[in-house]
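For the record, in the sequence shown the residue sitting at position 38 is 167 according to the working numbering, with numbers rising by one throughout.
Accompanying notes for the structure given below.
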Amino acid sequence: MLRFAWATAFATVLILALKLTILSPAIETASCDQLRYEFELEDFQLSLPESPALVIGGQRVRYWDTPLSLLAGRESIRRSGAGLNLGLIDQCFPRLVGFYQPSLVVIPLDTTYAANIDQSALFAALQGIVDQRTEYSLDFELWVIAPITTPRYALTDSLLLEAVRKAGAEWASDKFNVRWLDLEDNFSDESGAADPKFVWPDGNTLNEAGYQRLTDALVTISNERKQ
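Okay, structure coming up:
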């Protein structure tokens, strides 16, 4: 019995360690072919809805298991992959986005990505996505969720992330069918600081409560748009 208890405890610690290793802040890279393969595996599991709300992104989407109801009146699908980031969504746009003929595209920006990439490159990728929407005659609304200041980055990169959020709001202000969603207040405590109860011990990865918070905020915004 004691041996079983130790084995169970060790397995739990090992799984947690592995998960936190996978959730390392190091920016991964991928290829369009690799991502196409991963997306196809997802596509073959269920029939794809017509003109879905596509939620696509890196770490924030990859571990988002909370059920997501209709967005903008459309059934939602989530797609992610190891190493997927905003630049790759732009680079691999025809397969990763255009293939689904979405009515809405939601891109949550990863905090790690936003804190480690030049701001001009970030907005160049977003502009590339907007430009390809026109190039391929697609008619989707684009919602970009600003990077959340998590406890891991609160001390070192809060000003940088705040600058990204402000620049994003300005960038989106004159774009057709583009919304920049700043959900910072949803993840802050009463003092305005990053609230640790919404993240894993690594200080950045959203936990179940964090993803529920993110889901609720997105659904609320979607419902407001219908009114």
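Even glycine gets a Cβ: it sits at the ideal position worked out from N, Cα and C.
Only a predicted model underlies this, so the values are computations on that prediction, with no experimental measurement involved.
Start-end ranges of the alpha helix (DSSP H) lying completely within the region 268-306, minimum 4 residues: Here the runs fully enclosed are 280-301.
List the DSSP bridge partners of Trp110. Not covered by the structure: residue 110. The range shown for the chain is 130 to 356.
Between which two residues does the beta strand (DSSP E) holding Ile206 run? Within the sequence shown, numbered from 1, the residue matching residue 206 stands at position 77. Its beta strand (DSSP E) spans residues 205-208.
Apart from the five residues on each side of it in sequence, which residues of its chain come closer than 6 Å, Cβ to Cβ, to Pro231? Indexing the sequence shown from 1 puts residue 231 at position 102. If we look at Pro231 and ignore the five residues flanking it on each side, its Cβ neighbours are Pro181, Leu183, Phe269.
If you draw a straight line from the C-alpha of Val328 to the C-alpha of Asn306, how long is it? Sequence index remark: in the sequence shown, residue 328 carries index 199 (1-based). Sequence index remark: in the sequence shown, residue 306 carries index 177 (1-based). Going from the Cα of Val328 to the Cα of Asn306 covers about 31 Å.
Drop a sphere of 10 angstroms on the beta-carbon of Phe168, count the other beta-carbons inside from all chains shown, and report buried for 16 or more, exposed for fewer. In the sequence shown, the residue the question calls residue 168 occupies position 39. It is buried - the Cβ of Phe168 has at least 16 other Cβ atoms within 10 Å.
Nearest-angstrom Cβ-Cβ length linking Ser209 and Gly227, presumed shorter than 8 Å: Your numbering for residue 209 matches position 80 in the sequence shown. Your numbering for residue 227 matches position 98 in the sequence shown. Contact between Ser209 and Gly227 does not hold, since the beta-carbon distance rounds to 17 Å and is not under 8 Å.
With a floor of 4 residues, list each alpha helix (DSSP H) that falls wholly inside the region 213-255, ordered by position along the chain. Listed in chain order, they are 215-220, 222-225, 240-245.
Using three-state DSSP, classify Gln180 as helix, strand or coil. What you label residue 180 is simply residue 51 of the sequence shown in a count that begins at 1. Note that residue 180 is Ser in the sequence shown here, rather than Gln. When DSSP states are grouped into helix, strand and coil, Ser180 belongs to the coil group.
Using only the heavy atoms of the ligand MG, determine whether one of them is closer than 8 Å to the beta carbon of Phe305. For the structure depicted, the ligand MG is absent and the ligand set is empty, with no information on it obtainable.
Going straight from the alpha carbon of Leu271 to that of Leu233, what length do you get? To locate residue 271, count along the sequence shown from 1; it is residue 142. To locate residue 233, count along the sequence shown from 1; it is residue 104. Those two C-alpha atoms are separated by around 6 Å.
Do Lys304 and Val235 have their C-beta atoms closer together than 9 Å? By 1-based counting over the sequence shown, the position of residue 304 is 175. By 1-based counting over the sequence shown, the position of residue 235 is 106. No; because the gap between Cβ atoms is not below 9 Å, this pair is not in contact.
Assuming the contact rule is C-beta atoms closer than 8 Å, Leu347 and Leu200 should be a hit. Round their C-beta distance to whole Å, please. Reading the sequence shown from its first residue, position 218 is the one you call residue 347. Reading the sequence shown from its first residue, position 71 is the one you call residue 200. So it is a contact: roughly 7 Å between Cβ atoms.
Validate contact between the region 159-174 and the region 210-222 using beta carbons, cut 8 Å, 3 pairs: The region 159-174 is in contact with the region 210-222.
My assumption, with CB atoms under 8 Å, is that Leu238 sits in contact with Val190. Please give the rounded CB distance. Here residue 238 refers to the residue found at position 109 of the sequence shown. Here residue 190 refers to the residue found at position 61 of the sequence shown. About 11 Å separates the Cβ atoms of Leu238 and Val190, ruling out a contact at the 8 Å cut-off.
For Asp345, the three-state DSSP class (helix, strand or coil): Here residue 345 corresponds to residue number 216 of the sequence shown, with the count starting at 1. Asp345 falls in the helix class under three-state DSSP.
Proximal residues to Thr279 (C-beta, below 7 Å), its chain only, five neighbours per side dropped: Within the sequence shown, residue 279 is the residue found at index 150, counting from 1. Answer for Thr279: Thr240, Ala323, Val328, Gly332, Asn333, listed in chain order.
Say whether chain B places a C-beta atom closer than 9 Å to the C-beta of Asn214. No chain B appears in this structure, which consists of one protein chain only.
What is the C-beta distance between Leu213 and Ala244, in whole angstroms, given that I count them as a contact (C-beta under 8 Å)? What you label residue 213 is simply residue 84 of the sequence shown in a count that begins at 1. What you label residue 244 is simply residue 115 of the sequence shown in a count that begins at 1. For Leu213 against Ala244, the beta-carbon gap comes to about 17 Å, at or over 8 Å, which does not count as contact.
Quick check on Leu170: does DSSP put it in helix, strand or coil? As a position in the sequence shown, residue 170 is number 41, starting the count at 1. Helix at Leu170.
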